[in-house]
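In our numbering, the protein residues as written are -12 to 334. By construction, the Cβ of each residue, glycine as well, lies at the ideal position given by its N, Cα and C atoms.
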C-alpha cells in the first residue's frame, strides 16, 4: 500500500487542518531591512486593497444629533448618519463638557466586537447582562477614554445592536454568516462594509467643531480588534491604533478552533496574508497591541506569535519605537494600562 493510501481521509476538518499546516501566505513578510519592507509593502498594500473588494458609493452624511445629555461632566450624544444609499449608522459620541470647539482635540473611534454592541462600549449599563459583560471585558473603553479627555465615537457594526435583525428572522443561524453569504453572492463583504462605515465615521469626525482631523485614533476588542486592524491598515487618516485581543495566526484560531465568523474574513485572505501582516501594514504609524494572559478567546501564546510577526515588520520599517504591547493578567478584555498615555503621546 503506498503512502497516499495510508493517509486517506474523509473528514473536512482534517482536510482543512492539513492544508493550513502546510500553508504559508504568499505575502508573508520574510525581510529584515527597510528596503525589504518597502518592496513588500509596495506589493502587499495593493493586494490588500484588492482583497477588500468593492465599496459602496459615498452619499452625504446627513448627520443628525438625536439627543444630547450631560452625564456627570461628560456630554453624551446619540448621532445618526448615512453611510451609503441603503444604510445608516447609529453612534454614541462622548466628550468632556469643557472641551473647546476650536478644532484642536483628539478623537478616538471605539469599536465593539461580538456582544451587546456600541452602547456597552459607551458605558450604557442598560440591564444586568450588559453590566456583567462590561465588567468582565472592561468593555466601556469609549467611556473611559472620554473621561481621559478624548472625544470618542462608538459606532454600531452591521449585524449588532440596533443594526441586528430580529433573532426570529433566521432562528438558530449566525447572522454574521448569513450576511457574509448574502453579501458575497452580490459582491460585497460584511468586513469591508463595516470598514466603509468606520471610514464614514472618520468623515463625520472631520466635521465636528471640536476635532483636529489629524488627531484621530482607533481602538477595539476582539471583533473590534479585527476592525481596528483592517481599518487602520487601509485608512491612513487613523494616526494611532490600539488592537486588543485579536492578532494571532489564522491556523490556530481559525483552522484548529473555528473561532471566526463572516464579519471577520474576506475571500482569499489567508492565501495572501496572516493577521500579523495586515497589522504590519499599519507601520510606521504608532500601534499598541493588548493581550490578556488568561484570554480564552485568543490564546496568549498565539497572540505573542502574532505580536512577534508585527514586531519584525515594524523593525524592518525602522519604526520599532512606534510599536508597544500591554500584556496584562486578565481575560479577553481591554487591559487599560497603557492606552491613555499611548493616545496622549501620539494624538
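Legend entry - Residue(s) in a DSSP beta bridge with residue 57: Bridge partners of residue 57: 62.
Legend entry - C-alpha distance - residue 221 paired with residue 269, whole-angstrom precision: Spanning the two alpha carbons is a distance of roughly 8 Å.
Inset, instruction - Count the other C-beta atoms from every protein chain shown that fall within 10 angstroms of the C-beta of residue 30, then say buried if there are 16 or more, exposed otherwise. - result: With a 10 Å radius around the Cβ and a threshold of 16 neighbouring Cβ atoms, residue 30 comes out exposed.
Inset, instruction - Give a yes or no on whether the C-beta atoms belonging to residue 50 and residue 191 are separated by under 7 Å. - result: In this structure, residue 191 lies closer than 7 Å to residue 50 by Cβ.
Inset, instruction - Could you check if residue 173 is buried or exposed, using at least 16 other CB atoms within 10 Å of its CB as the buried criterion? - result: Residue 173 is exposed by the Cβ-count criterion.
Inset, instruction - Determine the direct distance from the alpha carbon of residue 67 to that of residue 249, and round the result to whole angstroms. - result: Each residue's Cα considered, the two are about 25 Å apart.
Inset, instruction - Figure out for me which residue from 236, 182, 259 has the closest Cα to the Cα of residue 285. - result: Check the Cα spacing between residue 285 and each of 236, 182, 259: the tightest is with 236.
Legend entry - Close beta carbons around residue 335, own chain, < 6 Å, minus the five adjacent residues each side: With the chain covering only -12 through 334, there is no way to say anything about residue 335.
Inset, instruction - Determine, using beta carbons only, whether residue 232 and residue 99 come nearer to each other than 7 Å. - result: Going by C-beta atoms, residue 232 is not nearer than 7 Å to residue 99.
Legend entry - Sheet register partners of residue 119 (DSSP bridge): According to the DSSP secondary-structure assignment, residue 119 is paired through a beta bridge with no residue.
Inset, instruction - Look at the alpha carbon of residue 57 and the alpha carbon of residue 133, and state the distance between them as a whole number of angstroms. - result: One C-alpha to the other measures close to 13 Å.
Legend entry - Cα-Cα separation between residue 107 and residue 157, rounded to whole angstroms: Taking the straight line joining both Cα atoms gives about 25 Å.
Legend entry - Contact check, residue 276 vs residue 301, beta carbons under 7 Å: Contact flag unset, no.
Inset, instruction - Grab the span of the beta strand (DSSP E) containing residue 139 for me, first residue to last. - result: Start and end: 138 to 142.
Legend entry - Closest residue to residue 44 among 93, 208, 186, 9 (Cα-Cα distance): Measuring from the Cα of residue 44, the nearest candidate turns out to be 186.
Legend entry - Member of 206, 274, 89 whose CA lies at the smallest distance from the CA of residue 194: For residue 194, the nearest C-alpha among the options comes from 89.
Inset, instruction - Look at residue 18 and residue 266 and say whether their C-beta atoms are less than 7 Å apart. - result: In this structure, residue 266 does not lie closer than 7 Å to residue 18 by Cβ.
Legend entry - Bounding residues of the beta strand (DSSP E) (the contiguous stretch that carries residue 98): For residue 98, the enclosing beta strand (DSSP E) stretches over residues 92 to 98.
Legend entry - For residue 94, the nearest candidate out of 230, 145, 202 (CA to CA): Relative to residue 94, the option among 230, 145, 202 whose CA is nearest is 202.
Inset, instruction - Give the secondary structure of residue 76 by DSSP, where H, G and I count as helix, E and B as strand, and everything else as coil. - result: If DSSP states are grouped into helix, strand and coil, residue 76 belongs with the strands.
Legend entry - Burial state of residue 113, where buried means 16 or more other Cβ atoms lie within 10 Å: Residue 113 sits exposed, since fewer than 16 C-beta atoms from the chains shown fall within 10 Å of its C-beta.
Inset, instruction - Out of 182, 291, 218, 102, state which residue places its alpha-carbon closest to the alpha-carbon of residue 161. - result: The shortest CA-to-CA distance from residue 161 to any of 182, 291, 218, 102 is the one to 102.
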